[in-house]
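K.L.:
Number of protein chains: 2
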Amino acid sequence: MAASNLNAQKGVTAITWETIVEAHERIRPLVHRTPVLTSTSLNEMAGASLFFKCENLQKTGSFKIRGASNAIFSLSAEEAKRGVVTHSSGNHAAAVARAAGWRGVPAWIVMPKNAPAVKCRAVESYGGKITYCEPKVSARAETAARIQAETGAVLIHPYDDDRIIAGQATAAKELLEEVAELDAVLAPVSGGGLLSGTCLGAKGVRGTVRVFGCEPERADDAYRSLKTGVLQPQETTDTIADGLRASLAPRTFAILRKYADGILLVSEEEIRATLRLVWQRMKIVIEPSSAVALAPLLREGGVAALGLPHDRMARVGVILSGGNVEMG
Amino acid sequence: MAASNLNAQKGVTAITWETIVEAHERIRPLVHRTPVLTSTSLNEMAGASLFFKCENLQKTGSFKIRGASNAIFSLSAEEAKRGVVTHSSGNHAAAVARAAGWRGVPAWIVMPKNAPAVKCRAVESYGGKITYCEPKVSARAETAARIQAETGAVLIHPYDDDRIIAGQATAAKELLEEVAELDAVLAPVSGGGLLSGTCLGAKGVRGTVRVFGCEPERADDAYRSLKTGVLQPQETTDTIADGLRASLAPRTFAILRKYADGILLVSEEEIRATLRLVWQRMKIVIEPSSAVALAPLLREGGVAALGLPHDRMARVGVILSGGNVEMG
Chain A
1 MAASNLNAQK
11 GVTAITWETI
21 VEAHERIRPL
31 VHRTPVLTST
41 SLNEMAGASL
51 FFKCENLQKT
61 GSFKIRGASN
71 AIFSLSAEEA
81 KRGVVTHSSG
91 NHAAAVARAA
101 GWRGVPAWIV
111 MPKNAPAVKC
121 RAVESYGGKI
131 TYCEPKVSAR
141 AETAARIQAE
151 TGAVLIHPYD
161 DDRIIAGQAT
171 AAKELLEEVA
181 ELDAVLAPVS
191 GGGLLSGTCL
201 GAKGVRGTVR
211 VFGCEPERAD
221 DAYRSLKTGV
231 LQPQETTDTI
241 ADGLRASLAP
251 RTFAILRKYA
261 DGILLVSEEE
271 IRATLRLVWQ
281 RMKIVIEPSS
291 AVALAPLLRE
301 GGVAALGLPH
311 DRMARVGVIL
321 SGGNVEMG
Chain B
1001 MAASNLNAQK
1011 GVTAITWETI
1021 VEAHERIRPL
1031 VHRTPVLTST
1041 SLNEMAGASL
1051 FFKCENLQKT
1061 GSFKIRGASN
1071 AIFSLSAEEA
1081 KRGVVTHSSG
1091 NHAAAVARAA
1101 GWRGVPAWIV
1111 MPKNAPAVKC
1121 RAVESYGGKI
1131 TYCEPKVSAR
1141 AETAARIQAE
1151 TGAVLIHPYD
1161 DDRIIAGQAT
1171 AAKELLEEVA
1181 ELDAVLAPVS
1191 GGGLLSGTCL
1201 GAKGVRGTVR
1211 VFGCEPERAD
1221 DAYRSLKTGV
1231 LQPQETTDTI
1241 ADGLRASLAP
1251 RTFAILRKYA
1261 DGILLVSEEE
1271 IRATLRLVWQ
1281 RMKIVIEPSS
1291 AVALAPLLRE
1301 GGVAALGLPH
1311 DRMARVGVIL
1321 SGGNVEMG
């Protein structure tokens, strides 16, 4: 039943519902099935029933461990023993280091020099070997390619990889399987791995659910790309949401053009206010990227703007993507 | 089966297993069934498998809503319409205001002048009417008695009340019903409502589980009372754990003498370090009182000091009692 929701769409992606189910089986013994929390006060503010999938409470502090463990545990023994390499502003880095440690293989991690110290420490604590690079998208990929050439390690791209996307899809799959009759799901978008997975995971369970990406105004490449139909680069990344500074890849762009129902932009001020609100009201620590996925629901007319059915209170899922922040 | 664990102990308390089951049925539609979280890194630090019952994620931000809603929804229509009155340093106050609001009756709340502002705002947001008093145990009770005399409101004592204790017991009941084969449960102790309930709720499910209270060194009346066998007052309350400044009542003292397996004392430094650790590693916001229940497990030899069976890794539950802190 659910399978047909996705498998009717040929050509956009090789990821089928079965791919996601297999990913879920593969990573289930490794990762947390994170709780879905609700908050009466946030429901009142949004005028909707909100269901928060708490990937901030996930191992390594973000959803990234889902994709990383799916990718690394998909490798053949031959591939795995050469080790893995990746580039990431932080959460994917920690996840690859952690999953590689579980599999017992080396992990080389390329991180921008301005990555938050807490994320660098996490990578090191999991046994990852960090190489710092300039904080530019191009520098990351070049450095990773050099390490790959030198070591023979397998590249675990943070989002331009079907195994990663299928792994990230399991968060929405769990959410939709746990919470009945969701009308919409919101997730942050950066390179598009989580949002692509959320589209496939959510619509695989419930074909009618609408999926929206949420993006900082100051890193709005997904918004511009989907609006123009042409993949747009993100040159500057001056946002507090340090997890959302990457750009879509052709692979994720294709999935989002087909399945995403819209991209919602969020101001820096909204991100800060939402961050504080969630800490205060929900008693959970989220990072700015997570706040980006809730902020559009808290503004005047925010839920109405999603174009959901009006015959009852809307039921909206929010993927709180991570909780890795520097503590004061 | 479970009932016999408690009902064999006559005379200590009128609370039976059936009382707790009825309380659970009564409050189930009102409160969250809070998640039980685990953390690999905290397990490694403790050398045990820890299971955190997250009452910081409970409605009103603490376990107190369990007892308050059980008490207030136990009132006859005649009693309820006169309204309720209580005194509390914060979390019980918010819970009584919230539960009274649900029942549609007035709530008069006596709070010490030095109660955290966030807790006062919470009471007001739920519609509670605050009367401030001097920050002394005696002043609270006197002020509440005066209001009770003036209004005819029913006193909902924060812990010297079987309906409160039975409500608080439902947190441990849920934990023990969800997590198999727990060897021990730790909970903070102040007036003893939560710890009494934890003893009855946990041992009602599993008779062999050991239950420990955790208390700041600077508010150690429960420790001194159980050690000497004579109820000891707490005169000074100079601890960061603002929720743990009350003293045992004869009612809770009697239950703890029978059922508690020990009281563990915690320094202010340990409370601060644990607070920070939980925010960083578990990505949840806890208040100092919650940290008190974890701190004894993180010190050298902490788990060994519990005297648990040695034939396997110990399995220890921790009641994280609340998450109401001032945000910087």
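These protein sequence lines are chains A and B, in that order. Numbering-wise, this note's numbering puts 125 at position 125 of the first sequence, and it's gapless, one number per residue. Position in the second sequence (from 1) plus 1000 gives the number in this note's numbering. Think of the CB as a built atom: it goes at the ideal place given N, C-alpha and C, for glycine as much as any other residue.
Report the three-state DSSP secondary structure of Tyr-132 (chain A) (helix, strand or coil).
P.N.:
Reduced to three states, the DSSP call for Tyr-132 (chain A) is strand.
K.L.:
With C-beta atoms as the reference, is Lys-1283 (chain B) less than 8 angstroms away from Ile-284 (chain A)?
P.N.:
Going by C-beta atoms, Lys-1283 (chain B) is nearer than 8 angstroms to Ile-284 (chain A).
K.L.:
Hey, could you find the ends of the beta strand (DSSP E) Val-1084 (chain B) is sitting in?
P.N.:
From DSSP, the beta strand (DSSP E) with Val-1084 (chain B) extends over 1084 to 1087.
K.L.:
Report yes or no: do three or more beta-carbon pairs, one from the stretch 173 to 180 of chain A and one from the stretch 34 to 41 of chain A, lie closer than 8 angstroms?
P.N.:
Cβ pair count under 8 angstroms is three or more, so yes.
K.L.:
If you scan the stretch 210 to 262 of chain A from start to end, which runs of the alpha helix (DSSP H) of 4 or more residues do you find wholly inside it?
P.N.:
For the stretch 210 to 262 of chain A, whole alpha helix (DSSP H) runs of length 4 or above, ordered along the chain, are 221 to 228 and 250 to 259.
K.L.:
Which one of A:Ile-15, A:Gly-302 and A:Leu-320 has the shortest CA to CA distance from Gly-47 (chain A)?
P.N.:
Among A:Ile-15, A:Gly-302 and A:Leu-320, the Cα nearest to that of Gly-47 (chain A) belongs to A:Gly-302.
K.L.:
Which residue wins for smallest C-alpha separation from Ser-1138 (chain B), given the options B:Trp-1108, B:Ile-1263, B:Ser-1089 and B:Ile-1164?
P.N.:
It is B:Ser-1089 whose Cα lies nearest to the Cα of Ser-1138 (chain B).
K.L.:
Start and end of the alpha helix (DSSP H) containing Gly-947 (chain B)?
P.N.:
Outside the displayed span of chain B (1001 to 1328) sits residue 947 (chain B), for which this structure offers no information.
K.L.:
What are the residues in the stretch 1258 to 1284 of chain B lying within 8 angstroms of chain A by C-beta distance?
P.N.:
Per Cβ criterion, the list reads Arg-1276, Trp-1279, Gln-1280, Met-1282, Lys-1283 and Ile-1284.
K.L.:
Rounding to the nearest angstrom, what Cα-Cα distance links Arg-245 (chain A) and Thr-16 (chain A) in this structure?
P.N.:
Distance between the alpha carbons of Arg-245 (chain A) and Thr-16 (chain A): 28 angstroms.
K.L.:
Using CA coordinates, which residue listed in B:Val-1085, B:Leu-1155 and B:Ala-1295 is at the minimum distance from Leu-1042 (chain B)?
P.N.:
Ranking the options by Cα distance to Leu-1042 (chain B), first place goes to B:Ala-1295.
K.L.:
Given Leu-320 (chain A), which residues of its chain have a CB within under 8 angstroms of its CB, disregarding the five upstream and five downstream residues?
P.N.:
Excluding residues within five positions, the ones whose Cβ falls inside 8 angstroms are Phe-52, Lys-53, Cys-54, Glu-55, Asn-56, Val-278, Ile-284, Ile-286, Ser-290, Ala-293 and Leu-294.
K.L.:
Could you pull the DSSP bridge partners for Ala-187 (chain A) from this structure?
P.N.:
Ala-187 (chain A) pairs with A:Gly-213.
K.L.:
Taking the straight line between their C-alpha atoms, what separation do you get for Ser-196 (chain A) and Arg-1251 (chain B)?
P.N.:
One C-alpha to the other measures close to 57 angstroms.
K.L.:
On the DSSP bridge assignment, give the partners of Ser-943 (chain B) in chain order.
P.N.:
Residue numbering for chain B in the displayed model covers 1001 to 1328; residue 943 (chain B) lies beyond these limits and cannot be assessed.
K.L.:
How would you list, in chain order, the residues of chain A whose beta-carbon sits under 8 angstroms from the beta-carbon of Thr-1040 (chain B)?
P.N.:
Chain A residues near Thr-1040 (chain B): Lys-59.
K.L.:
Using 8 angstroms as the cut-off, can you tell me whether the stretch 224 to 240 of chain A makes contact with the stretch 92 to 106 of chain A, which would need three or more C-beta pairs spanning the two stretches below that distance?
P.N.:
Cβ pair count under 8 angstroms is below three, so no.
K.L.:
What does the alpha-carbon distance come out to for the pair Asp-160 (chain A) and Tyr-259 (chain A)?
P.N.:
Cα-Cα distance, rounded: 17 angstroms.
K.L.:
Over what stretch of residues does the alpha helix (DSSP H) that includes Val-1278 (chain B) continue unbroken?
P.N.:
Note, Val-1278 (chain B): alpha helix (DSSP H), 1268 to 1282.
K.L.:
Considering only residues of the same chain and omitting the five flanking positions on each side of Thr-19 (chain A), which have a CB-CB separation below 6 angstroms?
P.N.:
So the qualifying residues of the chain are Ala-166.
K.L.:
Going by DSSP, name the residue or residues bridged to Ala-1107 (chain B).
P.N.:
DSSP lists B:Val-1084 as partners of Ala-1107 (chain B).
K.L.:
Does DSSP classify Leu-1175 (chain B) as helix, strand or coil?
P.N.:
Reduced to three states, the DSSP call for Leu-1175 (chain B) is helix.
K.L.:
Would Leu-329 (chain A) count as contacting chain B if we go by Cβ distances under 8 angstroms?
P.N.:
The structure shown does not extend to residue 329 (chain A), since chain A is modelled only from 1 through 328, so no value can be given for it.
K.L.:
Just checking my contact of Val-179 (chain A) with Thr-198 (chain A) at CB under 8 angstroms: how many whole Å lie between their CB atoms?
P.N.:
Contact flag wrong, Cβ pair sits at about 14 angstroms.
K.L.:
What whole-angstrom Cβ distance do His-974 (chain B) and Thr-1143 (chain B) have, given they're in contact under 8 angstroms?
P.N.:
The question about residue 974 (chain B) has no answer here: the residues shown for chain B are numbered 1001 through 1328.
K.L.:
Compare the beta carbon distance of Leu-50 (chain A) and Ser-39 (chain A) with 8 angstroms and say whether it is the shorter of the two.
P.N.:
Yes. Within cutoff.
K.L.:
Within this structure, are the beta carbons of Ile-109 (chain A) and Val-96 (chain A) separated by less than 8 angstroms?
P.N.:
Yes, they are a contact pair.
K.L.:
Once the 5 residues before and after Lys-81 (chain A) are set aside, which same chain residues still bring their CB inside 7 angstroms of it?
P.N.:
Val-105, listed in sequence order.
K.L.:
Roughly how many whole angstroms lie between the Cα atoms of Ala-146 (chain A) and Ser-267 (chain A)?
P.N.:
With the sequence shown as reference, residue 146 (chain A) is identified as Arg, and Ala is not the correct amino acid for it. Near 37 angstroms, if we compare the C-alpha coordinates of Ser-267 (chain A) and Arg-146 (chain A).
K.L.:
Using a Cβ-Cβ distance cut-off of 8 angstroms, determine whether Gly-243 (chain A) contacts chain B.
P.N.:
Judged by the 8 angstroms Cβ criterion, Gly-243 (chain A) is not in contact with chain B.
K.L.:
Hey, does Asn-1091 (chain B) have any beta-carbon neighbour from chain A nearer than 8 angstroms?
P.N.:
No, no contact with chain A.
K.L.:
Can you look up Ser-69 (chain A) in the DSSP assignment and give me helix, strand or coil?
P.N.:
If DSSP states are grouped into helix, strand and coil, Ser-69 (chain A) belongs with the helices.
K.L.:
What's the gap between the Cα of Ser-225 (chain A) and the Cα of Phe-253 (chain A)?
P.N.:
Near 8 angstroms, if we compare the C-alpha coordinates of Phe-253 (chain A) and Ser-225 (chain A).
K.L.:
I need the boundaries of the alpha helix (DSSP H) containing Ser-1138 (chain B), first residue and last residue.
P.N.:
Residues 1137 to 1151.
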